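Numbering (full-length UniProt numbering), first residue to last: 1 to 105. In this text, a Cβ means the ideal position worked out from N, Cα and C, and glycines have one as well. Model, not experiment: these values are computed from the prediction.
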Amino acid sequence: MKKKIIATITMLCLLTVLYNYLRLPDYHITNSISFSSADTRDTELTVIVYKCWEIDGLIKDIENEHNKINGTPTTLEIKLYYPTYYLHNNSKPFRTTTIEYNKKE
């Protein structure tokens with residue numbers, strides 16, 4: 001009887017953790033900085049990544065969302081952080097991607 005109660009409580013705890021994990025977003029853009037001059041606009045994004053599978057597809061999603069909302073910059077730099085490391089000062093991104101777009105003339 002006691003083992004069944006412990007097993008049930010353990011199962012409920014695991015299901016609760018799984019449910020909360022699945023409810024997390026894939027990523028959260030925490031900061032966006034743009035540097036503009038007469039003919040260029042360079043943008044840096046700081047992104048916390050909660051679900052770290054298929055990073056290349058995730059970067060493409062972040063790029064598409066940013067460009068849809070803010071327009072296409074000259075250069076887009078995306079810095080990806082794990083949630084726990086981002087909370088500490090002086091943390092480094094686990095991946096940085098720079099995308100350069102051709103200027104239309």
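Short Cβ contact (7 Å threshold) for residue i with residue j
{"i": "residue 81", "j": "residue 93", "result": "yes"}
{"i": "residue 46", "j": "residue 79", "result": "yes"}
{"i": "residue 40", "j": "residue 76", "result": "no"}
{"i": "residue 26", "j": "residue 60", "result": "no"}
{"i": "residue 5", "j": "residue 28", "result": "no"}
Unbroken beta strand (DSSP E) run spanning residue i, endpoints
{"i": "residue 56", "result": "Taken as a continuous stretch (DSSP letters only), residue 56 belongs to no beta strand (DSSP E), being part of the alpha helix (DSSP H) at 55-70."}
{"i": "residue 42", "result": "41-49"}
{"i": "residue 31", "result": "27-36"}
Residue i burial status per 10 Å Cβ neighbour count (16 or more: buried)
{"i": "residue 73", "result": "buried"}
Cβ-heavy atom distance, residue i to the ligand COA, below 6 Å
{"i": "residue 58", "result": "Among the components modelled here there is no ligand, and therefore nothing to report on the ligand COA."}
Host alpha helix (DSSP H) of residue i (start-end)
{"i": "residue 14", "result": "2-23"}
Supposed contact pair residue j and residue i - C-beta distance, whole angstroms, cut 8 Å
{"i": "residue 99", "j": "residue 63", "result": "6 Å"}
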